[in-house]
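Quick note, the sequence shown lines up with residues 149 to 472 if you use the working numbering. Backbone N, C-alpha and C define an ideal beta-carbon position, used for all residues, glycine too.
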Amino acid sequence: MSSYSSPVSDVDNLGIEPLTTLDALMPKNYIRVLLAFRTSEPFNVVSLRLQSGLNATTEKIPWISGQVRSAGDGDKQAAHGAIYYSSNSSSPQIIDCGSIEEPISSLEAHAMHSTTIPEDVWPLGALPGSDDSSVFGASIFRFKDNQGLGLCVCMHHHAVDAAGFTEVLKIWARETTTRGSSTSQSGGTRLSRISEALASQIIEASSKGTEQLFRLLPEYSPIPPAMPASFPSFASQMFTIPTNYLDAYKQVLAPLLETPPSTNTVLCALLWSFITRIRAQHEENTLSLTSSRLVMAVNGRRRIGPNFSPPDKPYIGNLVLVCP
Numbered sequence: 149m150s151s152y153s154s155p156v157s158d159v160d161n162l163g164i165e166p167l168t169t170l171d172a173l174m175p176k177n178y179i180r181v182l183l184a185f186r187t188s189e190p191f192n193v194v195s196l197r198l199q200s201g202l203n204a205t206t207e208k209i210p211w212i213s214g215q216v217r218s219a220g221d222g223d224k225q226a227a228h229g230a231i232y233y234s235s236n237s238s239s240p241q242i243i244d245c246g247s248i249e250e251p252i253s254s255l256e257a258h259a260m261h262s263t264t265i266p267e268d269v270w271p272l273g274a275l276p277g278s279d280d281s282s283v284f285g286a287s288i289f290r291f292k293d294n295q296g297l298g299l300c301v302c303m304h305h306h307a308v309d310a311a312g313f314t315e316v317l318k319i320w321a322r323e324t325t326t327r328g329s330s331t332s333q334s335g336g337t338r339l340s341r342i343s344e345a346l347a348s349q350i351i352e353a354s355s356k357g358t359e360q361l362f363r364l365l366p367e368y369s370p371i372p373p374a375m376p377a378s379f380p381s382f383a384s385q386m387f388t389i390p391t392n393y394l395d396a397y398k399q400v401l402a403p404l405l406e407t408p409p410s411t412n413t414v415l416c417a418l419l420w421s422f423i424t425r426i427r428a429q430h431e432e433n434t435l436s437l438t439s440s441r442l443v444m445a446v447n448g449r450r451r452i453g454p455n456f457s458p459p460d461k462p463y464i465g466n467l468v469l470v471c472p
């Protein structure tokens, strides 16, 4: 694995991207994504093209070359931690991991499941190893049959959520295809953007005490929940729902609703109907006696406002809200 130089030591050209409360709430791990491509182009040609696109992406989003550092005592500039980067530092370099012992067709048959990907082809581990952890890492490998390549991309979860990660990949893809096709992400830090967008709510909230704010939440109770003496056994399983299946529901429901339903709304409705059906079949049916809520994590960008994160200037950070 290659090492990244620390931007923190370059004091004269040090840049700081303060993290927000929503960034700090995320688990301290890396979001890791594998992108697999079938291609007959020479490996070195594709690799150089991707690196050129990444270099241009770093010019647009310079802090992806930096490191995440937790908040220090009395650090008012970065109360929730920050990303430190140097304006003179080079772009992260894509690591060449050679070839793996599987053809692309074999991994496609298993839907590129994470267990089929060797751990040593990832540029970064699942968990950051220190307090000064790289924001971004990328590596590339060939499949055994030379019919394709895999691009592994990692980003620190304190730096981005899934939506923010996707925006970085979009900019990288555009810059790889056409240099200069993406707009600069300048115009303030994430903290200044979200503070400006929520200025009126912040003023209103600051006039209330903590207890008053808590009582605004329907699910809040000052009484701690009573934990049962024992929990029933359970099992978990991963299910997939095809996107075209959800899109079909959205098309059917759109004329019946004031605003077209989002994918998340349709997914929540399907999950809730399954849960209700199972509970209704239970021997101790308590549906008529209890009130329940399905809590889901949602992308909060549109909740703040339709113009908060436009396509030409997306909010690249964490903005996940938990909504009942």
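Check                                                                                            : Outcome
Whole-angstrom distance between L317 and L467, CA atom to CA atom                                : 17 Å
Opening and closing residue of the beta strand (DSSP E) in which Q295 lies                       : First-last for Q295: undefined, no H or E at that position.
Cutoff 6 Å; reference S195; Cβ partners in own chain excluding five residues on either side      : I288
For K292 and E250, believed in contact at Cβ under 8 Å, the rounded distance                     : 6 Å
Alpha helix (DSSP H) segments (min. 4 residues) lying fully within the stretch 304-351           : 310-325 and 338-345
For A445, the residue or residues it bridges with in DSSP                                        : V470
8 Å Cβ cutoff met for Y233 and W211                                                              : yes
Backbone CA spacing between A347 and A219 [nearest angstrom]                                     : 23 Å
Same chain, Cβ closer than 6 Å to M303, five either side skipped, listed in chain order          : I179, F284 and F313
I243 versus V446: straight-line alpha-carbon distance, rounded                                   : 33 Å
CB of A307 within 8 Å of CB of I231, strictly                                                    : yes
T264 at chain B interface by Cβ criterion, 8 Å                                                   : Among the chains in the structure shown there is no chain B, since it carries only a single protein chain.
Rounded distance between the beta-carbons of G246 and R290, thought under 8 Å                    : 7 Å
Three-way DSSP call (helix, strand, coil) for Q215 in this model                                 : strand
Within the stretch 228-303, ranges of the alpha helix (DSSP H) (whole runs, at least 4 residues) : 252-257
Among S188, R197, G229 and A184, nearest to I252 - alpha-carbon criterion                        : A184
Residue closest to G296, alpha-carbon to alpha-carbon, out of T325, P276 and M260                : M260
Identity of the residue in H305, P271, T169 and G201 nearest K176 by Cα                          : H305
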